[in-house]
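Q: Protein chains in written order, with the numbering used here: chain A, 61 to 864; chain B, 5 to 362. The beta-carbon is built from N, C-alpha and C at its ideal position, and this holds for glycine as well. The structure under discussion is supplied below as structure tokens; questions concerning it will follow.
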Amino acid sequence: MKFTLSWLKEHLETDASLDEIVETMIAVGLEVESIDNPADRLAAFTIGEVLEAEKHPDADKLKLCKVATKDGEMQIVCGAPNARKGIMIAYAPVGAYVPGIDLTLKKAKIRGVESFGMMCSAREMELGDDHDGIIEAPAEAKVGDPVAHWLGADDPVIDFEVTPNRPDTNGVDGVARDLAAAGLGKLIAPAPKAVKGAFESPQKIALHFPKDAEDACPCFAGRYVKGVKNGPSPEWLQKRLRAIGLRPINALVDITNYMSYDRARPLHVYDADKLKGEIHARLGRKDERFLALDGKTYDVDETMTVIADDNAVLGFGGVMGGEDTGSTEETVNVFIECAYFDPRRTAKTGRATGINSDARYRFERGVDPNFILPGLEMATRLVLDFCGGTPSEIELAGAIPAFEKTVLYPTTEVLRLTGMDVKPEGQERILSALGFDVRKSDPWQVDVPSWRPDIEGKADLVEEVARIVGYDHLPTATLPLANAVEAPKLTPAQERRGRVRRALAARGSLEAVTWSFTDERHAALFRSSNELKAAGLYLANPIASDLGVMRPSILPNLIAALQRNADRGRADLALFEVAPAYESDQPEGHKDAAAGARRIAPARHWSTASHTEDGVFFAKADALAALEAAGAPVASLQTASPGPDYFHPGRSGYLQLGPGKRLAAFGEIHPRVLKAMDADGPVYGFEIALDAIPAGRRKAVKTRAALDASDLLPVKRDFAFVCDADVAAEALIRAVRAGDKALIADVTLFDVYQGEGVPDGKKSLAVEVTLQPREKTLTDEEIETVSKRIIAQAEKTTGAQLRH
Amino acid sequence: MSDLKSLETDLMAKIDAAGDGGALEDIRVHALGKKGVVSERMKTLGKMSPEERKEMGPVLNGLKTRIGEAIEAKKSALEEAALDARLATEKVDVTLPVRPEAKGKIHPVSQVTEEIVAIFSAMGFDVAEGPDIEDDFYNFTALNFPEDHPARDMHDTFFFEPKEDGSRRLLRTHTSPVQIRTMMSEKPPIRIIIPGRVYRCDSDQTHTPVFHQVEGLVIDRESHMGHLKGTLEAFAKTYFEVDSVKTRFRPHFFPFTEPSAEMDIGYERVGNEIRIGQGDDWMEILGCGMVHPNVLKNCGLDPDEYQGFAWGMGVDRLAMLKYGIPDLRDFFAADARWLEHYGFDPLDQPNLAVGLSR
Chain A
61 MKFTLSWLKE HLETDASLDE IVETMIAVGL EVESIDNPAD RLAAFTIGEV
111 LEAEKHPDAD KLKLCKVATK DGEMQIVCGA PNARKGIMIA YAPVGAYVPG
161 IDLTLKKAKI RGVESFGMMC SAREMELGDD HDGIIEAPAE AKVGDPVAHW
211 LGADDPVIDF EVTPNRPDTN GVDGVARDLA AAGLGKLIAP APKAVKGAFE
261 SPQKIALHFP KDAEDACPCF AGRYVKGVKN GPSPEWLQKR LRAIGLRPIN
311 ALVDITNYMS YDRARPLHVY DADKLKGEIH ARLGRKDERF LALDGKTYDV
361 DETMTVIADD NAVLGFGGVM GGEDTGSTEE TVNVFIECAY FDPRRTAKTG
411 RATGINSDAR YRFERGVDPN FILPGLEMAT RLVLDFCGGT PSEIELAGAI
461 PAFEKTVLYP TTEVLRLTGM DVKPEGQERI LSALGFDVRK SDPWQVDVPS
511 WRPDIEGKAD LVEEVARIVG YDHLPTATLP LANAVEAPKL TPAQERRGRV
561 RRALAARGSL EAVTWSFTDE RHAALFRSSN ELKAAGLYLA NPIASDLGVM
611 RPSILPNLIA ALQRNADRGR ADLALFEVAP AYESDQPEGH KDAAAGARRI
661 APARHWSTAS HTEDGVFFAK ADALAALEAA GAPVASLQTA SPGPDYFHPG
711 RSGYLQLGPG KRLAAFGEIH PRVLKAMDAD GPVYGFEIAL DAIPAGRRKA
761 VKTRAALDAS DLLPVKRDFA FVCDADVAAE ALIRAVRAGD KALIADVTLF
811 DVYQGEGVPD GKKSLAVEVT LQPREKTLTD EEIETVSKRI IAQAEKTTGA
861 QLRH
Chain B
5 MSDLKSLETD LMAKIDAAGD GGALEDIRVH ALGKKGVVSE RMKTLGKMSP
55 EERKEMGPVL NGLKTRIGEA IEAKKSALEE AALDARLATE KVDVTLPVRP
105 EAKGKIHPVS QVTEEIVAIF SAMGFDVAEG PDIEDDFYNF TALNFPEDHP
155 ARDMHDTFFF EPKEDGSRRL LRTHTSPVQI RTMMSEKPPI RIIIPGRVYR
205 CDSDQTHTPV FHQVEGLVID RESHMGHLKG TLEAFAKTYF EVDSVKTRFR
255 PHFFPFTEPS AEMDIGYERV GNEIRIGQGD DWMEILGCGM VHPNVLKNCG
305 LDPDEYQGFA WGMGVDRLAM LKYGIPDLRD FFAADARWLE HYGFDPLDQP
355 NLAVGLSR
């Protein structure tokens, strides 16, 4: 919402400076977005007087002028036809920036003659389109005066954000009322004087709504004015409209725009001679269309309120009028419409049509129902003033919607909710200044003015008082703490995410944050489209077609991100994300997840050959590190193979606490998945269902178990087994461990071998077993006994034979 | 006696001339071995008269000791020399680079969220969370959004495909649904912050369809706007790690608070850098207010008995402001160059005792 300072001063008697006005607007909740003072832009331009204007010795169209300026007498070469002795001009000195030609002036030589500065046209100063000659200021201007002052360009334009609760501030008078209440001056908003009608309106109006839609337009008032002479509106009005960015059209249209901004009262003026029979407000009908003022044709439907005559739809009520029945320069008889349109339907029609008009903006926020008739009177007066003519009596269909609202208001509420102690007298003064009617019963009964549809209850009145007093006066209070030192605040699940993040970053992975959505083609590689649909994970209005479904896994986004980085030349990269993945659209379908993906380039370092560890085990190590950080019982984890079907079937697995208790999956991403995603392979990844990890509670007892360390030297023995190639190493390790649970402290698998010396279909697995004696050094016989048990266990559970 | 002298001179010269441990050992055997020249002389002591022995004993023992010591000394010297020689061959170029290790980083959104949590947990706030996929009631109705509020429009809010009964779920547009869930399930006093992902149909220079919010909620019988101001001022000062911060509260409008406000902080722009805590410019950083009586009622709380305040702020934006990160969209691009540059070392856990950041 824009207005100019001089416009405001028509509604506010004040000595306040522009700065004070702006500060007060902000303080009362009218958020000023910009102040555009043309005078600031024109600060470099001052009045000069042309003392002499001779023809340029070497150019027919140029003149050589001597100009009196604030900088003394200057020689300026000028091409304007009106440059002549005696006129007062706009002087721009050397060094000044001329916005209209985007140029900073330098001393110039024009056809061999030096020129110091410039005499400017309106267009060069961006004061209008006129470029036929230089601007001529009034004769009483003095050399050195600011140009802005003499050209009427010193009226600052203030732009502020109208919050949806304050439709009244869509009018300059509403702004003035707030400022007056805040002590900045006196509100000037006289009720418009009634204009006596000279005859009965020949134009009849009516409301035709079904019972359940009567609120769409409860009141439609209008007035016929005959014999008007339309033309340009007065200069002061055009200037104001231009200042706030509106284009003056003609007096009748300009009046409606003026009313919209001056009093937040949209109106419409019809060329009465173009109307056919009665005009009425009704719901639209399917298959109706109409050509609106913006030159576009719109489809009408049954949810919309329209104004129509016997012929056709003339306009969308409260949104936009029609092209065919608007007033033009030739208009002689007019019909002024002033109605009340329901905010909800107006907003809906506005959204459906995409029309953003000043009328829609005001009606959808709510116009003052008690200003329908005064607004009509005021508009009639302006029509008579600008265009002459004779007005009819007022035509009224329906009735003024009643606005009666009283709030029961204990004055202690301000202290209770804001901590500010505002005396009842002060509260009364503020409420009255804002137009509320205060009756000081206990509690107070406060009548709400008809232009404040936002006020519902006492909290709203607290805000009114508080904002006018000013939030600067709020006390600064500290929330009391229940404990001298606060107890821990994070839940185990929250803490777990932080630990997983830092564990993965510590392993060299970069944490990424990617969209919660993903490409549905990518999502379908991780969970079938049918399942995704059934789980309700498809967006109805995605922002882009490749962001159409909630991600069932974080992996597709990470794989895509790896590829984007690879395309930039980053082949060796590990990314992870700890964030939700979505199983369904229900709260329990919001899953805490962690996932990582990496691409591994062959290591090139001077100290080794290009040996690269199998990425599958990078991914497994990542998963294990994350699980450990998350508090999972890592020692009890089993590895099951293969993993989910978006992993390589031979190079992937689950980490689980037992069948059906899967915590994580890891491995090489399936080449088919990568191909479908246009990603280069191989990519290794893991994903963890953080929710599935048994909740690690903080220990109630902090005492650690006593250290059980033996002084006796541990004994190490190596065993090489030959077993079937498909025996899981983990099974063999477990079997070896089972050889003597008390004595065996550790089992390390140090060699896997297939080839010469090992039969086809078999492999050799070599483990180092650490035996930790407790009470006394082990004898050879004891070691022999354990070895036999180890070999027996291995054979029994895996079929492995000791290799000889 | 003189032959002993010459024997000693001879042995000493041999020891001195020994070139390695083997030669030295030969000399030791030659001199001090069972049949060594010195050992043989020692044996003669037994056949001597007591007087002779008294004279010759110390002389021969002295000789044996000196020869033994000389051999030991020479042995050490040879070992030292051998070590020096070996070390000389073991030289490496220590200027060679070490094996590179990938350096992981924590995303600014996670880091800043943890910073915010650290501050508010010290002020007694719990951390509450809720699902991203919500319904109309928790996201709008309970929060006092009127039925036709524009935020409920498909232009602003992501909706899911409608269900058979016509209802449709949506992506929360703020973390406020968690306020509702908390107020409906817990009895006041309530003091929570709510970090999380939020969603709006917006994508341009300064908007992304996903961003992060932290909201706060305090419900009890006495907290008012003064507490709101004190809490948020303390937050701003601690978060931006400045000695003082200028704040300005302006009236504003939100459906779910009354009275409502926006908080601005004072700043100054020096070149490309934003300096919080100095200067005369104002920047809005959050919206806040007293929880609307209708919201309390919708959660089954009597607005005449309970009261409190709430606020909401953008985590991504707070990260941009504090750490001078220029473009919001980069937060979600997973560009390794950006993550390495703006990310945080995993060892730097936000902690009020050591300061929130380095």
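If you draw a straight line from the C-alpha of Pro227 of chain A to the C-alpha of Asp215 of chain A, how long is it?
A: 25 Å
Q: Within the continuous alpha helix (DSSP H) that includes His231 of chain B, where are the two ends?
A: For His231 of chain B, the uninterrupted alpha helix (DSSP H) segment begins and ends at Met229 to Phe244.
Q: Determine whether the beta carbon atoms of Gly283 of chain B and Gly275 of chain B lie at a separation below 8 Å.
A: no
Q: Check whether the Cβ atoms of Val787 of chain A and Ala860 of chain A lie closer than 8 Å to each other.
A: Note that the C-beta distance between Val787 of chain A and Ala860 of chain A is below 8 Å.
Q: Just the C-alpha distance for Ala572 of chain A and Pro112 of chain B, rounded to the nearest angstrom, thanks.
A: Using only the alpha carbons, I get a separation of about 9 Å.
Q: In terms of residue numbering, what span does the alpha helix (DSSP H) encompassing Phe446 of chain A cover?
A: Run containing Phe446 of chain A: Ile432 to Cys447, per the alpha helix (DSSP H) assignment.
Q: Go ahead and pull the three-state DSSP assignment for Thr13 of chain B.
A: helix
Q: What does the Cβ neighbour count give for Ala357 of chain B, buried or exposed, with the cut at 16 atoms within 10 Å?
A: exposed
Q: Taking 8 Å as the cut-off, does the segment 97 to 104 of chain A touch the segment 193 to 208 of chain A (at least 3 CB pairs, one atom from each stretch)?
A: yes
Q: Hey, quick one: how far does the beta strand (DSSP E) through His268 of chain A stretch, first residue to last?
A: From DSSP, the beta strand (DSSP E) with His268 of chain A extends over Ile265 to His268.
Q: For Ser569 of chain A, count the other beta carbons within 10 Å of its own beta carbon; 16 or more makes it buried, fewer makes it exposed. Which is it?
A: buried
Q: Within its chain, find whatever has a CB closer than 7 Å to the CB of Lys233 of chain B; leave out the 5 residues flanking it on each side and keep chain order.
A: Phe253
Q: For Phe149 of chain B, which beta-bridge partners are listed by DSSP?
A: The partner list for Phe149 of chain B (beta bridge, DSSP) is empty, contrary to what the question assumes.
Q: Could you say if the segment 537 to 545 of chain A and the segment 75 to 89 of chain B meet the contact criterion of at least three C-beta pairs nearer than 8 Å?
A: no
Q: Would Cys205 of chain B pass as an interface residue toward chain A - the criterion being a Cβ-Cβ separation below 8 Å?
A: yes
Q: Which word fits Asp115 of chain B, buried or exposed, when buried means at least 16 other C-beta atoms lie within 10 angstroms of its C-beta?
A: One detail in the question is off: residue 115 of chain B reads as Gln in this sequence, not Asp. Burial call: buried.
Q: Taking Cβ to Cβ, would you say Glu397 of chain A is nearer than 8 Å to Ser261 of chain A?
A: Not closer than 8 Å, so no.
Q: Among the candidates B:Ser264, B:Asp136 and B:Ile223, whose CA atom is the shortest distance from the CA of Phe577 of chain A?
A: B:Asp136
Q: Between which residues of its own chain and Phe395 of chain A is the CB-CB distance below 6 Å, once the five residues before and five after are set aside?
A: Gln263, Gly282, Tyr284, Tyr330 and Ala332
Q: Applying a beta-carbon distance threshold of less than 7 Å, which residues of chain B neighbour Gly568 of chain A?
A: Glu105, Ala106, Lys107 and Gly108
Q: Let me check understanding here. Comparing Cα to Cα, which of A:Glu841, A:Gln623, A:His665 and A:Asn310 lies closest to Pro104 of chain B?
A: A:His665
Q: Along the beta strand (DSSP E) that carries Arg658 of chain A, what are the first and last residues, could you check?
A: His650 to Arg659
Q: Quick check: is the beta carbon of Pro192 of chain B nearer than 8 Å to any beta carbon in chain A?
A: no
Q: Are the C-beta of Pro297 of chain B and some C-beta of chain A separated by less than 8 Å?
A: yes
Q: In the DSSP assignment, what are the bridge partners of Gly108 of chain A?
A: DSSP, once it has assigned bridges, lists A:Ile149 as partnering Gly108 of chain A.
Q: To the nearest angstrom, report how far apart Arg172 of chain B and Ala600 of chain A are at their CA atoms.
A: 9 Å
Q: Beta strand (DSSP E) containing Tyr469 of chain A: first to last residue?
A: Thr466 to Tyr469
Q: Along chain A, in chain order, which residues have C-beta atoms closer than 7 Å to that of Thr93 of chain B?
A: Residues of chain A passing the Cβ test: none, with the nearest at roughly 19 Å.
Q: Can a CB atom of chain A be found closer than 8 Å to the CB of Val131 of chain B?
A: Yes, contact with chain A.
Q: If you scan the segment 365 to 442 of chain A from start to end, which runs of the beta strand (DSSP E) of 3 or more residues do you find wholly inside it?
A: 365 to 368, 373 to 376 and 394 to 400
Q: Using a C-beta cutoff of 8 Å, does Gln282 of chain B count as contacting chain A?
A: no
Q: Candidates A:Lys356, A:Ala766, A:Arg556 and A:Arg349: which alpha carbon is nearest Ile367 of chain A's?
A: A:Arg349
Q: Return no unless some Cβ of chain B is closer than 8 Å to the Cβ of Lys408 of chain A.
A: yes
Q: Is there a C-beta anywhere in chain A that falls below 8 Å from the one on Gln183 of chain B?
A: Taking Cβ atoms only, chain A never reaches closer than 8 Å to Gln183 of chain B, which makes this a no.
Q: Of all Cβ atoms in chain B, is any one closer than 8 Å to the Cβ of Val46 of chain A?
A: For chain A, the structure presents residues 61 to 864; residue 46 of chain A sits outside this window and is missing.
Q: Got a sec, what are the start and stop residues for the beta strand (DSSP E) Trp286 of chain B sits in?
A: That run of the beta strand (DSSP E) goes Asp285 to Val295.
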